[in-house]
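Q: In the working numbering, the protein residues as written are 5 to 370. All C-beta atoms in this analysis are idealised placements derived from N, C-alpha and C, irrespective of residue type, glycine included.
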């Protein structure tokens, strides 16, 4: 059993009890939970060094999409324009809005990416610009798991002259002291805590299926998410779909800066921007899972899909290790959870969040 340490603000005692109960159930799991409300920390709990940094996989996308949201808010990017308007070499005919909504059909490339290619957003973008989409425009959506950061990042590079990673560092991470990195500096390597593989084995999806292609399982070698997340090359380059490194404090602080501001400062995003980016797009079939509905806003996951008690504009993103970050404008909550073991072999949320999130919101609403 992992020892729970940390503090909670008055009124959040049941969150600590819930965290302790889940850690007892899960056994030897390194986990961190951090929560801000209206820009101030109210929960800071851990069973592993709270300063430790680990691979966040798709929680990374939240940082990447925040950069895009800022540029849209600034009027630099128009989501209703064609991607080709910003990136003339891009072959598929889709808008920025469709791209952010995972509707472009560019979930991967024929033959897959090699490990060095998948670590490099510029190479990913170059190959995808010439790729035939895997479905017809308008037929549905599908999670662009390992490539959406490269695609949106190329637009960022072309409109700003800087990479998405550089823009994030200059506008978000450094000014706000956020422990979530898109490109981990070498001097911070001693703080890196490797991600552990999941317990048990799952053969996973057919490599030739759309899900298999999106997870790069049709490549030689097929992508192993644990190996990917623990690669020094990946975390040094800060691959913008899944190569971010951070901790729960960093995740929560990122969303607090976006939603409420920090230390009395202005929030990064205006309310209208959070509504645009956090509200789920129109219904469409999920071409990867076969299910109905739509879980995505503009890039971000619409958090009312898993948690309908949140406000309608709640926005965030899961990571395959079970990590989660989100902001809920209704309650003023910014949430960050990180863990050091993959929840499932090929991605998926961690069930303990289904206990933590209601406990946090109940405390905030009381």
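Among residues of its own chain, excluding the 5 on either side of residue 69, which ones have a beta-carbon nearer than 6 Å to its beta-carbon?
A: Taking the first residue of the chain shown as 1, we reach residue 69 at position 65. Cβ within range, chain order: 303, 304.
Q: Of all the options 133, 135, 226, 254, which has the alpha carbon lying nearest to the alpha carbon of residue 186?
A: The count along the chain shown starts at 1 and reaches residue 186 at position 182. The candidate whose alpha carbon is nearest that of residue 186 is 254.
Q: Can you name the residues that DSSP bridges to residue 10?
A: Indexing the chain shown from 1 puts residue 10 at position 6. Residue 10 pairs with 49.
Q: Is residue 211 near residue 230, with beta carbons less than 8 Å apart?
A: If you number the chain shown from 1, residue 211 lands on position 207. If you number the chain shown from 1, residue 230 lands on position 226. The answer is no: Cβ separation not under 8 Å.
Q: On the DSSP bridge list, what partners appear for residue 341?
A: Locating residue 341 in the chain shown gives position 337, counting from the first residue. Its beta-bridge partners are 37, 328.
Q: Beta-carbon within less than 7 Å of residue 359's beta-carbon, same chain only, minus the 5 sequence neighbours each way: which residues are those?
A: If you number the chain shown from 1, residue 359 lands on position 355. Answer for residue 359: 22, 26, listed in chain order.
Q: Is it true that the CB of residue 145 sits closer than 8 Å to the CB of residue 330?
A: For this step, residue 330 is matched to residue 326 along the chain shown. For this step, residue 145 is matched to residue 141 along the chain shown. Taking 8 Å as the Cβ cut-off, residue 330 and residue 145 do not qualify as a contacting pair.
Q: In this structure, does DSSP put residue 319 in helix, strand or coil?
A: Here the question's residue 319 lines up with position 315 in the chain shown. In this structure, residue 319 counts as strand in the three-state DSSP scheme.
Q: Considering residue 254, what are the terminal residues of the beta strand (DSSP E) in which it resides?
A: For the purposes of this step, residue 254 is taken as residue 250 along the chain shown, with counting starting at 1. No beta strand (DSSP E) holds residue 254; the alpha helix (DSSP H) holding it covers 252–263.
Q: Just confirm the distance between the C-beta atoms of residue 1 and residue 122, as a whole number of angstroms; I'd bet it's less than 8 Å.
A: Outside the displayed range of the chain (5 to 370) lies residue 1, so it cannot be described from this structure.
Q: Put residue 150 into one of helix, strand or coil per three-state DSSP.
A: For this step, residue 150 is matched to residue 146 along the chain shown. Correct three-state label for residue 150: coil.
Q: Leaving out the 5 sequence neighbours to the left and right, which residues in its chain are closer than 6 Å to residue 10 when beta-carbon positions are compared?
A: On the chain shown, position 6 is the one that residue 10 refers to. Same-chain partners within the cutoff: 48, 49, 50.
Q: Counting Cβ pairs closer than 8 Å, one from the stretch 104–117 and one from the stretch 130–145, do we hit at least three?
A: Verdict: yes, contact present.
Q: Please name the residue in 357, 354, 338 whose C-alpha comes closest to that of residue 46.
A: Along the chain shown, one-based indexing puts residue 46 at 42. Of the listed residues, the one whose Cα sits closest to residue 46 is 338.
Q: Please report how far the alpha carbon of residue 99 lies from the alpha carbon of residue 282, in whole angstroms.
A: Position 95 of the chain shown, counted from the start, is the residue given in the question as residue 99. Position 278 of the chain shown, counted from the start, is the residue given in the question as residue 282. Approximately 18 Å, taken between the alpha carbons.
Q: Identify every run of the alpha helix (DSSP H) within the stretch 148–182, keeping only runs that are complete inside it and at least 4 residues long; order them along the chain.
A: Segments of the alpha helix (DSSP H) lying fully in the stretch 148–182: 152–164, 168–172.
Q: With a CB to CB cut of under 8 Å and the five nearest residues on each side skipped, what residues in its chain are close to residue 257?
A: Stepping through the chain shown from its first residue, residue 257 is reached at position 253. Excluding positions up to five away in sequence, the list reads 38, 40, 180, 181, 182, 183, 184, 266, 338, 340.
Q: Among the candidates 103, 326, 77, whose CA atom is the shortest distance from the CA of residue 252?
A: If you number the chain shown from 1, residue 252 lands on position 248. Taking only the C-alpha atoms, the option nearest residue 252 is 326.
Q: Are residue 323 and residue 63 touching if we call contact CB-CB under 8 Å?
A: Residue mapping note: residue 323 aligns to position 319 of the chain shown, counting from 1. Residue mapping note: residue 63 aligns to position 59 of the chain shown, counting from 1. In contact: residue 323 and residue 63 (Cβ atoms closer than 8 Å).
Q: When DSSP builds the beta bridges, which residues end up paired with residue 145?
A: By one-based count along the chain shown, residue 145 stands at place 141. Per DSSP, 290.
Q: Tell me residue 185's beta-bridge partners as DSSP assigns them.
A: Counting from one through the chain shown, the residue named residue 185 turns up at place 181. In DSSP, residue 185 forms a bridge with 249.
Q: Return helix, strand or coil for residue 59, following the three-state DSSP convention.
A: One-based indexing of the chain shown puts residue 59 at position 55. Looking at residue 59 - three-state DSSP - the assignment turns out to be strand.
Q: Where does the unbroken alpha helix (DSSP H) through residue 308 begin, and where does it stop?
A: Residue mapping note: residue 308 aligns to position 304 of the chain shown, counting from 1. Where residue 308 is concerned, there is no enclosing alpha helix (DSSP H), given that its DSSP letter is neither H nor E.
Q: Return the CA-CA distance between residue 309 and residue 336, expressed in angstroms with no decimal places.
A: Numbered from 1 along the chain shown, position 305 holds the residue referred to as residue 309. Numbered from 1 along the chain shown, position 332 holds the residue referred to as residue 336. About 18 Å.
Q: When DSSP builds the beta bridges, which residues end up paired with residue 86?
A: The count along the chain shown starts at 1 and reaches residue 86 at position 82. Looking at the DSSP assignment, residue 86 forms a beta bridge with 99.
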